[in-house]
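Numbering that gives the first Met the number 0 numbers the first residue of the sequence shown as 0 and each following residue consecutively.
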Amino acid sequence: MTEQRLAAMAGPLLDWYDTHKRTLPWRGTGDPYQVWVSEIMLQQTRVAAVLPYYQRWMEALPTVEALAAADEEQLMKLWQGLGYYSRARNMHKAALMIVNTCGGRFPEEEKDLLKLPGIGDYTAGAIASIAFGRAVPAVDGNVLRVAARVAGLQEDIMDPAVRKKIRALMERAMSQDRPGEYNQALMDLGATVCLPKAAPACARCPLSGLCEAERLGLQAALPVRTKKAGRRREELTVYLLWRDGTVALRKRPEQGLLAGLWEFPHVPGALEEDAAARPLEKWGLVPVEWRKKITAKHIFTHVEWHMTGYLLTVRGDGGGFTWADRETLEELAVPSAFGKYLAEALKIL
Numbered sequence: 000m001t002e003q004r005l006a007a008m009a010g011p012l013l014d015w016y017d018t019h020k021r022t023l024p025w026r027g028t029g030d031p032y033q034v035w036v037s038e039i040m041l042q043q044t045r046v047a048a049v050l051p052y053y054q055r056w057m058e059a060l061p062t063v064e065a066l067a068a069a070d071e072e073q074l075m076k077l078w079q080g081l082g083y084y085s086r087a088r089n090m091h092k093a094a095l096m097i098v099n100t101c102g103g104r105f106p107e108e109e110k111d112l113l114k115l116p117g118i119g120d121y122t123a124g125a126i127a128s129i130a131f132g133r134a135v136p137a138v139d140g141n142v143l144r145v146a147a148r149v150a151g152l153q154e155d156i157m158d159p160a161v162r163k164k165i166r167a168l169m170e171r172a173m174s175q176d177r178p179g180e181y182n183q184a185l186m187d188l189g190a191t192v193c194l195p196k197a198a199p200a201c202a203r204c205p206l207s208g209l210c211e212a213e214r215l216g217l218q219a220a221l222p223v224r225t226k227k228a229g230r231r232r233e234e235l236t237v238y239l240l241w242r243d244g245t246v247a248l249r250k251r252p253e254q255g256l257l258a259g260l261w262e263f264p265h266v267p268g269a270l271e272e273d274a275a276a277r278p279l280e281k282w283g284l285v286p287v288e289w290r291k292k293i294t295a296k297h298i299f300t301h302v303e304w305h306m307t308g309y310l311l312t313v314r315g316d317g318g319g320f321t322w323a324d325r326e327t328l329e330e331l332a333v334p335s336a337f338g339k340y341l342a343e344a345l346k347i348l
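In structure tokens form, the structure reads like this:
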């Protein structure tokens, strides 16, 4: 019955999609570059947030050749605020491979797409099906949720073996005639109707007559998903150091969280003003005026930053910092984790 329910989805799902599909700038072109950029941007990010980034990216880097020729600072600036910056770096590496070893042509087969940096099963399936008409599934969280509910699967979808099983089921259930639209229909259904947490809109779902979860009243219980471990909390003291019309920045290490991006200097712990003066001494700076206290919080996947920050005027030339005027600051990629401090910096420059 599981396979039968999933196999029966294609007809009603595609009929629904023909009427209710979302209008998105990367759809309808068949351009693998546009599909790729959109799918990478959409990882861990809502469509509404991606739209302006996608527009700016395509204006600056309209082709895979343009991406391959871009420098890292330009990439990081275009990506600034989207988070998970390794995605952009992997895209650059993949673009270089496509240009240098594939003659600028995207691989058309899933197995070859998987050889490119940053492309996993889902993205390979999306590109192969949408751009090249290959009948391969693109299974993300939305698709896992739809499949688990329709089939009444009560296994933990966080288990890699269960995910592999669902992917195999979805491969057999694929529309052979319209594979790209089939995958996009599942994406849209999961994003707009078969919603997580909140009660799904079963009354307007094209699959309601097939759905085992609806029949058994298990919509809220499915899919089964183990709870994530709680995020650890880190306290930081951030310094917005102002000197002669410039602010201090430093570049993060090339490995790890926010690798290679620009940040405002900071130290561990939530320091009060007296204690916060001590790192300045180590940096060879002298506080002239403590102007403002600025608190902020940023949530990453596995950690929360709770930041106590200070805007202050200093003198001295220590710390090995880059002192940026407004023009330079606007050119550098400062991650959204420091967004509140960046906004304050731009006010005073």
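Glycine is no exception: its CB is placed at the ideal position from the N, C-alpha and C atoms.
Predicted model only: the values in this text are computed from it and were never measured.
Per-residue DSSP class, three states only, for residue i
| i | result |
| --- | --- |
| GLY308 | strand |
| PRO24 | coil |
| GLY315 | strand |
| VAL135 | coil |
| VAL350 | Examination of residue 350 is not possible in this model, given that the chain is present from 0 through 348 alone. |
| VAL302 | strand |
| GLU211 | helix |
| GLU262 | strand |
| LYS346 | helix |
| GLY124 | helix |
| LYS114 | coil |
| PHE337 | helix |
Alpha helix (DSSP H) segment containing residue i, residue limits
| i | result |
| --- | --- |
| PRO359 | Outside the displayed range of the chain (0 to 348) lies residue 359, so it cannot be described from this structure. |
| VAL34 | 31-41 |
| PRO267 | From DSSP, PRO267 is part of no alpha helix (DSSP H) but of the beta strand (DSSP E) over 265-267. |
| PRO178 | 178-191 |
| SER85 | 85-100 |
| ASP273 | 272-281 |
| VAL142 | 140-150 |
| GLN3 | 1-6 |
Beta-ladder partner(s) of residue i, from DSSP
| i | result |
| --- | --- |
| TYR238 | TYR309 |
| LYS76 | Beta-bridge pairing links LYS76 to no other residue. |
| VAL223 | ASP155 |
| ALA323 | VAL246 |
| TRP56 | Looking at the DSSP assignment, TRP56 forms no beta bridge with any residue, so it has no partner. |
| GLU170 | DSSP, once it has assigned bridges, lists no residue as partnering GLU170. |
| ARG232 | GLU303 |
Beta-carbon proximity of residue i to residue j, cut-off 8 angstroms
| i | j | result |
| --- | --- | --- |
| LEU235 | PRO334 | no |
| VAL313 | LEU270 | no |
| GLY140 | GLU211 | no |
| ARG249 | PRO267 | no |
| VAL223 | ALA323 | no |
| TRP244 | LEU284 | In the sequence on display, residue 244 carries Gly and not Trp. No, they are not a contact pair. |
| CYS201 | GLN218 | yes |
| LEU430 | ALA146 | Nothing in the structure corresponds to residue 430, since the chain is present only between 0 and 348. |
| GLU154 | VAL161 | yes |
| TYR181 | LEU41 | no |
| TRP241 | LEU345 | no |
Terminal residues of the beta strand (DSSP E) in which residue i lies
| i | result |
| --- | --- |
| LYS292 | 284-298 |
| ALA200 | From DSSP, ALA200 is part of no beta strand (DSSP E); its letter is neither H nor E. |
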